[in-house]
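Read the structure below first, then the notes.
Protein chains: 4
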Amino acid sequence: MAILRLGYVQVRVTDLAEAKKHYVETLGLKVTAEEPGKLYLKGWDEWDHHSVVLQEGGVGIEKLGFKTHKNEDLDVIEKNVQTFGASVERMSKGESLEIGDGIRITSPSGHTIEVYNEITFLGSETGYINPYPFPRHEVGISLPALDHMLIMAEDVALNEKFFMDVFGMYPVEQIRPELDSPGRIATWLSAGQKNHDIAIVAGRDKGLHHFAFQSENWDKLLRAADIFAMDDVSIDVTPTRHGITRGQTIYFFDPAGNRNETFSGGYRAYPDRPTVIWTPDQLGRGIFSHTRELNAAFTEVYT
Amino acid sequence: MAILRLGYVQVRVTDLAEAKKHYVETLGLKVTAEEPGKLYLKGWDEWDHHSVVLQEGGVGIEKLGFKTHKNEDLDVIEKNVQTFGASVERMSKGESLEIGDGIRITSPSGHTIEVYNEITFLGSETGYINPYPFPRHEVGISLPALDHMLIMAEDVALNEKFFMDVFGMYPVEQIRPELDSPGRIATWLSAGQKNHDIAIVAGRDKGLHHFAFQSENWDKLLRAADIFAMDDVSIDVTPTRHGITRGQTIYFFDPAGNRNETFSGGYRAYPDRPTVIWTPDQLGRGIFSHTRELNAAFTEVYT
Amino acid sequence: MAILRLGYVQVRVTDLAEAKKHYVETLGLKVTAEEPGKLYLKGWDEWDHHSVVLQEGGVGIEKLGFKTHKNEDLDVIEKNVQTFGASVERMSKGESLEIGDGIRITSPSGHTIEVYNEITFLGSETGYINPYPFPRHEVGISLPALDHMLIMAEDVALNEKFFMDVFGMYPVEQIRPELDSPGRIATWLSAGQKNHDIAIVAGRDKGLHHFAFQSENWDKLLRAADIFAMDDVSIDVTPTRHGITRGQTIYFFDPAGNRNETFSGGYRAYPDRPTVIWTPDQLGRGIFSHTRELNAAFTEVYT
Amino acid sequence: MAILRLGYVQVRVTDLAEAKKHYVETLGLKVTAEEPGKLYLKGWDEWDHHSVVLQEGGVGIEKLGFKTHKNEDLDVIEKNVQTFGASVERMSKGESLEIGDGIRITSPSGHTIEVYNEITFLGSETGYINPYPFPRHEVGISLPALDHMLIMAEDVALNEKFFMDVFGMYPVEQIRPELDSPGRIATWLSAGQKNHDIAIVAGRDKGLHHFAFQSENWDKLLRAADIFAMDDVSIDVTPTRHGITRGQTIYFFDPAGNRNETFSGGYRAYPDRPTVIWTPDQLGRGIFSHTRELNAAFTEVYT
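The listed protein sequences correspond, in order, to chains A, B, C and D. Taking this note's numbering, the leading residue of the first sequence gets 962, the next gets one more, and so forth. Taking this note's numbering, the leading residue of the second sequence gets 962, the next gets one more, and so forth. Taking this note's numbering, the leading residue of the third sequence gets 962, the next gets one more, and so forth. Taking this note's numbering, the leading residue of the fourth sequence gets 962, the next gets one more, and so forth.
Structure below.
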């Protein structure tokens, strides 16, 4: 585990006040810092300073951050990028708010990835001494933490190799053109035992399909969808199960049009578990287990 | 409570063997009798001889049955029909298998309704002496009981009046053209404290929109949708919540094309609870709480 | 359905301020009126003026109320009491706050029962026009409504007969000394299709074992138990299933020592469903399905 | 992640036929091999040859196995043991059925631990090509996989150090005599991101408190407890939540008296998450979140 997890996503939103309402009042994230044109947020169960940064102006992904297990991992990853042949530079403490020295990488798909080990510790809302299992007073759907993200790339196989070679991730599930093909239509990669930390689907480079938050279970998803209706959140896909990962899901949009997900369940990943392979004829069921059909908007609409 | 409940539905299916597979292996209903071209079924928690009759040939509703609380209720209901001005005739024990003397009514919408008090008692699978809460070995999604049905009628207001005047039902929820309008786009009627025993939506007379089975809860609906995918059942609407009734639902089709529902939750109805009124501008959310949109197929496709 | 439901319970509490905190902040009931030494409360999904009255001084049940379906039911019930040979008197509008004319009965077990048809209508928090399924902002465990109560009586069989003869209730489940015995150790009675509106267990006359609130499902019970831990509510029985009624339950105490319950699930009762009979050798499992053992405190401790 | 997970537990049972009935028909494990006096089992979602070995004669833990990520990890771990000063020996392929070359270690607490990288691959029941989320036909409570175990040790602090130094595990939660004390009453250790792979509680060396299986969620726990009642499984602790780990649990006994657990939920562990500390005054709530009391049997009864 060189990479602990997807540490943060930084996305552009057209209207920061509107976005704040969505992420804070409906999703229940906490504001941890504000700068002109920027808002830093975390879930109640996260200890690092932020996991979501909203940046006013436009829509889509600005950058994402991976937190390493150890400081030494930074050097190894830097070398890995160089060996792979992608672009990498050093970044200094404070270039990104509350984040220490690190490296900034551009993936083959053009996504900016910041890798760091140091970030200001804030602690969770329940604390770590004789804690209760969740906060007594919850806001909106009270999301505990960022979970994963799905980016678009023109060359999925190349980018899968990038995340494997550079970050030591491994593919948990893949959609391949044919069962034994080296080609990739999509791939789900884990850095540890999370079902996936990042996924890549064929599409426009630099694209963001969605970023996802943890949700406790299927019952919480129902409550989330009900509250989305009350708060007039645009739901893209109502509660259902993914064939891929077995997870349960709702897709919805923030006011700027970035796709969010609340994700629950899914099995624990292990590097010795065989990679699950999906073929195009079963793709509909792979994505949405119940309809067994992909709606065009799901693959074509992203930021 | 003159009427205890919707006792049975008798529907036509194009292929009895295919239908048997669906209702028995996937839905978990039990076969209680077979006749040439007919199959009698019940859920594990029902005590009467049958709640579903499948009849080979075509598609759609053949007739439905209401069970009365007492034998005397039959006379009262007969008089009510005559007063209302609809057609009614006596039916004799055995005309419908395992069912006693009763009356046969044609509703203004052209639906055939058999009303009876006597039906052969078979008992539930768990029994009534020191019982366990459910059968130790369950089949498919193991539906416990028939719940309600939704029929189509050209004149909803007239048919609502019919069910109120003749059977003593009361409207639990209504869709009205305007808030105070006497017109009805749809109505949900209860004979007791069930959320609804029968609902009526504007459409072709004699039409069947769906009949529904009880499901224990939202988790059971997820399991049902998963098993429908495994058994290749055509799902019409994936797990979601109704605004109307607050119930949770999956709509799906039997192999002949009759729409089925598994329904859970919904509040307990009382005659002193105000009738809930929905207006056309909120209709989408009334039907499907999460998408807040009616798909055309949902209102236009029925048998 | 002469009786719609258990309309309210009025219980004594040693400290009204403490009790208010429990019923309002933890259970989520709403205060609808206050008088010196008295507090009137209702759940968010109830429409009548109150379902719980707290009265300062002591502990235990002061009286309970049944709401009738129609005003005429009052006369019938009055006659039924006289025929049965129990004590009944007329009560006038306003004797009980916001409640109309009615009758006041003393059951053989010495419990005071007020029967009324008229009570001030307040309406639910979600309203009845294009409503959402639950309030957007919930307090504590946000109980929607009063469900049932369990009283103690020295002669259970006599009191069961009383509730049947006077109120037209029917026994849904019974514990009998032997399978065919006319004796009753306990009985669960329904006035409609609710699993039970009132239950009676052998014990000291005038005793209150518990009164119960509806809870949506098993997941809500987990959340309730978690919040009880946070709010230091004394839990008597942690989440489990009843064999009797199949319901899911938590028993806990209010600060004065009155036992409360949150109850979810349980089948829909019908008068043609056979009464379920429990025998003493299976009694433990009847009460608590999982431990299959009765703890002495559960039967011996009540108010 | 040198250690992937707790690979298997081998326990003694007094009667192999009785135990088989329990683990296969009630828990839903699959038999993968039988030898005289031994039974090899796995859950439906596991791919390795076995995760539970039952050995006829007596009761308690015989040995446990850890699977490494890579073959090279064996050498590192062997050196770690030597540095720590515990006993280790090489074991050869086949000494343990279907398991490759490895090392056999005796922990300070006297437990035998086999460490291996190679074990015959059988695969899960759902497979890895376009799979469904669970098997269409499930047996009993259909447990997917072994989760963790809790062993007893006279010196918890020493054994915690052993698992940290030798296997690279880290403490996720601890019970300490005082907040800053180096002493340990109990400790929960993770080898990756699982909430815990092994826990140690103060008690008799070589003791086994319980071994636990994954369960999907709180609803599955209710179903499990219901089926335990039907199958006459002795339940030790009915469905509740742990304060420690936030997990949901049922404790029960196999017919020989070994304690089993089904465990669901619990947060994802990370090495940079602060270790949660419990103090003795909150210990009851730490173990059982709802009763907030430790029953004596829970700490004193083990095998």
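Where a beta carbon is used, it is the ideal one built from N, C-alpha and C, also for glycine.
Minimum C-alpha distance to residue i - residue among the options
{"i": "valine 1042/B", "options": "Pro1132/B, Thr1067/B and Arg1097/B", "result": "Thr1067/B"}
{"i": "histidine 1157/D", "options": "Gly998/D, Ser1225/D and His1098/D", "result": "Ser1225/D"}
{"i": "arginine 1220/A", "options": "Gly1204/A, Gly1227/A, Val1100/A and Thr1210/A", "result": "Thr1210/A"}
{"i": "glutamate 1023/C", "options": "Asp976/C, His1011/C, Gly1071/C and Ile1038/C", "result": "Gly1071/C"}
{"i": "aspartate 1215/A", "options": "Trp1008/A, Leu1002/A, Val992/A and Val1020/A", "result": "Val1020/A"}
{"i": "asparagine 940/D", "options": "Ile1102/D, Glu1086/D, Ser1057/D and Phe1095/D", "result": "Because chain D is modelled from 962 through 1264, residue 940/D falls outside the range shown and cannot be assessed."}
{"i": "valine 974/C", "options": "Val1133/C, Ala1217/C, Ala1147/C and Ile1060/C", "result": "Ala1217/C"}
{"i": "proline 1235/C", "options": "Gly1208/C, Leu1150/C and Asp1180/C", "result": "Leu1150/C"}
{"i": "isoleucine 1238/D", "options": "Pro1092/A, Ala1230/A, Asn1256/A and Leu1107/A", "result": "Pro1092/A"}
{"i": "phenylalanine 1189/C", "options": "Thr1252/C, Phe1213/C, Gln1175/C and Thr1206/C", "result": "Phe1213/C"}
{"i": "glycine 1168/D", "options": "Asp976/D, Tyr1263/D and Thr1044/D", "result": "Tyr1263/D"}
{"i": "glutamate 1261/A", "options": "Asp1197/A, Gly1061/A, Trp1005/A and Val970/A", "result": "Asp1197/A"}
{"i": "isoleucine 1090/A", "options": "Asp1034/D, Gln1135/D, Ala1160/D and Phe1174/D", "result": "Gln1135/D"}
{"i": "histidine 1251/C", "options": "Gly1208/C, Glu1222/C, Pro1232/C and Tyr1231/C", "result": "Gly1208/C"}
{"i": "leucine 1015/B", "options": "Tyr969/B, His1030/B and Phe1045/B", "result": "Tyr969/B"}
{"i": "glycine 1061/B", "options": "Leu1035/B, Pro997/B and Leu1182/B", "result": "Leu1035/B"}
Pairwise C-alpha distance: residue j and residue i
{"i": "glutamate 1121/A", "j": "lysine 1028/A", "result": "19 Å"}
{"i": "lysine 1040/A", "j": "valine 1127/D", "result": "29 Å"}
{"i": "valine 1037/B", "j": "glutamate 1075/B", "result": "14 Å"}
{"i": "tryptophan 1008/C", "j": "phenylalanine 1249/C", "result": "33 Å"}
{"i": "threonine 993/B", "j": "aspartate 1187/B", "result": "27 Å"}
{"i": "lysine 982/D", "j": "aspartate 1180/D", "result": "24 Å"}
{"i": "alanine 963/B", "j": "threonine 1081/C", "result": "28 Å"}
{"i": "proline 1241/C", "j": "arginine 1137/C", "result": "7 Å"}
{"i": "aspartate 1108/D", "j": "leucine 988/D", "result": "14 Å"}
{"i": "leucine 967/C", "j": "leucine 1025/C", "result": "8 Å"}
{"i": "glycine 1055/A", "j": "arginine 1229/A", "result": "35 Å"}
{"i": "threonine 1206/C", "j": "glycine 1247/C", "result": "9 Å"}
{"i": "glutamate 1254/D", "j": "proline 1200/C", "result": "15 Å"}
{"i": "threonine 1073/C", "j": "arginine 1065/C", "result": "7 Å"}
{"i": "phenylalanine 1259/D", "j": "lysine 1155/A", "result": "32 Å"}
{"i": "methionine 1113/B", "j": "glycine 1164/B", "result": "5 Å"}
{"i": "valine 1100/D", "j": "arginine 1202/C", "result": "22 Å"}
{"i": "proline 1269/B", "j": "alanine 1257/A", "result": "Past the boundaries of the shown model lies residue 1269/B; chain B is included only from 962 to 1264, so the question cannot be answered."}
{"i": "glutamate 1059/A", "j": "aspartate 1006/A", "result": "18 Å"}
One or two residues paired with residue i in a DSSP bridge
{"i": "methionine 1052/B", "result": "Gly1063/B"}
{"i": "tryptophan 1008/B", "result": "According to DSSP, tryptophan 1008/B bridges with nothing at all."}
Buried versus exposed call for residue i [16 or more other C-beta atoms within 10 Å across all chains shown]
{"i": "serine 1195/C", "result": "exposed"}
{"i": "histidine 1098/A", "result": "exposed"}
{"i": "asparagine 1032/D", "result": "exposed"}
{"i": "glutamate 986/A", "result": "exposed"}
{"i": "valine 1013/C", "result": "buried"}
{"i": "arginine 1051/C", "result": "exposed"}
{"i": "glycine 1004/B", "result": "buried"}
Residue i - containing beta strand (DSSP E), residue span
{"i": "asparagine 1120/B", "result": "No beta strand (DSSP E) holds asparagine 1120/B; the alpha helix (DSSP H) holding it covers 1117 to 1128."}
{"i": "glutamine 1043/A", "result": "Careful: glutamine 1043/A lies outside any beta strand (DSSP E), inside the alpha helix (DSSP H) at 1034 to 1045."}
{"i": "asparagine 1221/C", "result": "1220 to 1226"}
{"i": "aspartate 1108/D", "result": "1107 to 1114"}
{"i": "glycine 1021/B", "result": "1021 to 1029"}
{"i": "valine 1198/D", "result": "1196 to 1202"}
{"i": "threonine 987/A", "result": "Unbroken run through threonine 987/A: none, as it is neither H nor E."}
Range of the contiguous alpha helix (DSSP H) that encloses residue i
{"i": "leucine 1244/A", "result": "1244 to 1248"}
{"i": "phenylalanine 1259/A", "result": "1257 to 1261"}
{"i": "phenylalanine 1274/C", "result": "There is no way to answer for residue 1274/C, as the model of chain C reaches only from 962 to 1264."}
{"i": "alanine 980/A", "result": "977 to 981"}
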